[in-house]
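Chemist: Before anything else, here's the structure in question.
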Amino acid sequence: MPPTPVDDHTEEFEQLAGLQALDVLEGDDLRRFEQHAAHCERCRVMVQLDREALALAAPEMEPSPDFKARLMQRAAQELAATAQATPAESTIPPQQFSTLRPGEVAPPNVVPFRRRAPWASAIAAVLVLGIVTAGGYAYENQVVASYALQGSVGGSAVVNVRRNGSTELDMSGVQDPPAGYLYEAWLIPPNSQPIAAGTTSHGDAKLPIDRVGNGTTVAITQERGRVDAPTSAPIMAVVVQS
Amino acid sequence: MTTFDAGNATAPRLADLEALYDEHHRQAIGLAYRILADMGEAEEVVQEVFLNAWRTGHQYDPSRGSTRAWVLSMVRNRSIDVLRARRRRPTQPLAEGVDPPDTEDVPARAASNVDAAAARVALNALPPDQKRVIELAYFGGLSHTEIATQLETPIGTVKGRIRLGLDRLRVLMGVPQDALSAL
């Protein structure tokens, strides 16, 4: 460990160390500090400690329930890919993988490990992948907010916002539009013109729509074909207040 | 606290990653979420950081600092990168209002580490104007100039508040006395 503080160490450098921990040093200050810190261990440690203290000031949190499984799956896939890219010939005779002692006979319901490994591992891997994928998909697709449209027609229409950010307009039980007409969805941000968000010719439909900002009105009109601006009053609408 | 076992890291083992994850994931997620305010993005950042740490653990020199500091430093840097990239993209207002982590799904954990608890207490004990500039710099990734613009405050005042805040933070944490006494 070098003898520190170094000769040119001053209180100013300790202040600059704090600014460097925040990554806000610029220009001459940054150059001077870097030159000094290159041979001043005390300043380098101060930067590190300040950064760690600030990082720890954030409250601890738990990730989503399947996060660890997804992480481990990614790592396992990388290991598998690496192993595939550099296959190594095993020099160990297959019988050494048997869990049976010499002279022992496998009972009928026990498959020696050396025979079970290839297909059993493959099935286990598929099952694990399936569970992890399904779990992740389910979590990401959870509806985190719903807004029911109000209107003068029967049936229902709801704006569903999912955890992954996707948003859809879910129409259910609404009478189909008359022949030659369709339903068109609109997003109307505050103090803005309506933005066409999709059409359907059925009263039961799911329309993916863009993310909806706070205060935006989601509306449905009945139109003679797709139009760029509504030509009639909405049959259903809701103001999204997030 | 354990240190990352880099001894045999030329062939990464899943057990190494799991140990690293188990020890540091709550702080890593908490930090990423504090910066990004979006659990999906926070998890992406933390996943990449843990995988990167696991892949490159053999390059890590423990004498340069604790494993925790190393991991959290990567989380902070990557989160700030994502935050800056997001600022360059058109805004998506609903993400802010509708996509927070469900408190049942992602409960904030009580501090399990004295240092972490002390850090939070210390930051919260700062005068509001000092705390604000430090948070904008560290968690917001803003420069002096950007902070001055956002707060409509002279840049010299911003620098002064940061310096005073950090000095006070060090005293409250007891950092200089404990950790720097030998240096």
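Those sequence lines, one after another, are chains A and B.
Count along the first sequence from 1, add 20, and you get the number used in the numbering used here.
Count along the second sequence from 1, add 390, and you get the number used in the numbering used here.
Backbone N, C-alpha and C fix where the C-beta goes; we use that ideal spot for every residue, glycine too.
Kindly confirm or deny that the stretch 77-96 of chain A and the stretch 429-441 of chain B touch, where touching means at least three C-beta pairs closer than 8 Å.
Modeler: As far as the Cβ criterion goes, the stretch 77-96 of chain A touches the stretch 429-441 of chain B, which means the pair count is three or higher.
Chemist: Since A/Ile255 is in the alpha helix (DSSP H), which residue starts that stretch and which ends it?
Modeler: No alpha helix (DSSP H) contains A/Ile255, which DSSP labels as neither H nor E.
Chemist: For B/Ser533, which residues in chain A fall below 8 Å Cβ to Cβ?
Modeler: The answer, in chain order, is Val44, Glu46.
Chemist: Against chain B, does A/Pro210 count as a neighbour if the rule is that its beta carbon must be under 8 Å from one of theirs?
Modeler: It does not: the Cβ of A/Pro210 has no partner Cβ on chain B nearer than 8 Å.
Chemist: Going by DSSP, what residues sit across from A/Tyr167 in a beta bridge?
Modeler: DSSP output for A/Tyr167 lists A/Val179 as bridge partner(s).
Chemist: Which two residues bound the contiguous beta strand (DSSP E) that contains A/Asp190?
Modeler: Looking at the DSSP string, the run of the beta strand (DSSP E) that includes A/Asp190 is 187-192.
Chemist: Assuming B/Leu404 is part of the alpha helix (DSSP H), what are its boundary residues?
Modeler: Element bounds for B/Leu404: 404-426.
Chemist: In the DSSP assignment, find the unbroken alpha helix (DSSP H) run with B/Pro518 in it and report its ends.
Modeler: Where B/Pro518 is concerned, the enclosing alpha helix (DSSP H) stretches over 518-528.
Chemist: Per DSSP, which one or two residues make a beta bridge with A/Tyr279?
Modeler: Not covered by the structure: residue 279 of chain A. The range shown for chain A is 21 to 262.
Chemist: Counting contacts by CB-CB distance shorter than 8 Å, is B/Ser463 in contact with chain A?
Modeler: Chain A contact via Cβ: present.
Chemist: Looking at A/Val178 and A/Asp190, is the spacing between their C-beta atoms short of 8 Å?
Modeler: Cβ distance < 8 Å, so A/Asp190 and A/Val178 count as in contact.
Chemist: Along chain A, in chain order, which residues have C-beta atoms closer than 9 Å to that of B/Leu516?
Modeler: Those within 9 Å of B/Leu516 in chain A number zero; the least Cβ separation is about 10 Å.
Chemist: Cα separation between A/Glu46 and B/His534?
Modeler: Roughly 9 Å between the two C-alpha positions.
Chemist: Could you say which of A/Ile208, A/Leu76, A/Asn184 lies nearest to B/Ala459 if we only look at CA atoms?
Modeler: Checking every option, the nearest Cα to that of B/Ala459 belongs to A/Leu76.
Chemist: Could you run through the stretch 73-97 of chain A and flag, in chain order, every residue whose CB is less than 9 Å away from some CB of chain B?
Modeler: Within the stretch 73-97 of chain A, the qualifying residues are Ala73, Leu74, Ala75, Leu76, Ala77, Ala78, Pro79, Glu80, Met81, Glu82, Pro83, Ser84, Pro85, Phe87, Lys88, Arg90, Leu91, Met92, Arg94, Ala95, Ala96.
Chemist: Using a Cβ-Cβ distance under 8 Å, would A/Gly218 count as near chain B?
Modeler: Not closer than 8 Å to any Cβ of chain B, the Cβ of A/Gly218 fails to qualify, so no.
Chemist: Using the beta-carbon of each residue, which ones in chain A are nearer than 9 Å to B/Leu407?
Modeler: Ordered by position in chain A, the residues that pass the 9 Å Cβ test against B/Leu407 are Leu91, Met92, Ala95.
Chemist: Using a cut-off of 8 Å between C-beta atoms, extract the partners of A/Leu99 located in chain B.
Modeler: Near A/Leu99 (Cβ distances below 8 Å), the residues of chain B are Pro402, Leu404.
Chemist: Which residue marks the beginning of the beta strand (DSSP E) containing A/Glu243, and which one marks its end?
Modeler: Looking at the DSSP string, the run of the beta strand (DSSP E) that includes A/Glu243 is 237-243.
Chemist: Look at the alpha carbon of B/Ala409 and the alpha carbon of B/Phe440, and state the distance between them as a whole number of angstroms.
Modeler: Looking at the two C-alpha atoms, the distance is approximately 11 Å.
Chemist: Is the CB of A/Gln71 under 8 Å away from at least one CB in chain B?
Modeler: According to the sequence displayed, residue 71 of chain A carries Arg and not Gln. It does: the Cβ of A/Arg71 has a partner Cβ on chain B nearer than 8 Å.
Chemist: Quick check: the Cα distance between B/Gly555 and A/Gln162, rounded to an integer number of angstroms?
Modeler: For B/Gly555 and A/Gln162, the distance between alpha carbons rounds to 41 Å.
Chemist: Could you tell me whether the Cβ atoms of A/Pro282 and A/Thr236 are closer together than 8 Å?
Modeler: Outside the shown range of chain A, which is 21 to 262, sits residue 282 of chain A, and nothing can be said about it.
Chemist: Can you tell me whether DSSP reads A/Leu207 as helix, strand or coil?
Modeler: Residue state, collapsed to three classes: strand.
Chemist: Cα-Cα, which of B/Gly420, B/Ile425, B/Glu413 is closest to B/Arg477?
Modeler: It is B/Ile425.
Chemist: B/Leu556 by DSSP, collapsed to three states: which one?
Modeler: If DSSP states are grouped into helix, strand and coil, B/Leu556 belongs with the helices.
Chemist: Relative to the alpha-carbon of B/Pro402, which residue among A/Ile229, A/Glu204, A/His56, A/Met92 has its alpha-carbon at the smallest distance?
Modeler: Minimum Cα distance to B/Pro402 is reached at A/Met92.
Chemist: Which residues in chain B have a C-beta closer than 9 Å to the C-beta of A/Leu39? List them in chain order.
Modeler: Correct list: Ala527, His534, Lys549, Ile552, Arg553, Leu556.
Chemist: Select from A/Ala78, A/Arg182, A/Val44 the residue whose C-alpha is nearest the C-alpha of A/Arg67.
Modeler: A small fix is needed here, since residue 67 of chain A is Val in this sequence, not Arg. Looking at the Cα atoms, A/Val44 is the closest of the given residues.
Chemist: Roughly how many angstroms separate the alpha carbons of A/Val258 and A/His222, rounded to a whole number?
Modeler: Approximately 20 Å, taken between the alpha carbons.
Chemist: Just mark B/Thr446 as buried or exposed, buried being the case when its beta carbon has 16 or more other beta carbons within 10 Å.
Modeler: It is exposed - the Cβ of B/Thr446 has fewer than 16 other Cβ atoms within 10 Å.
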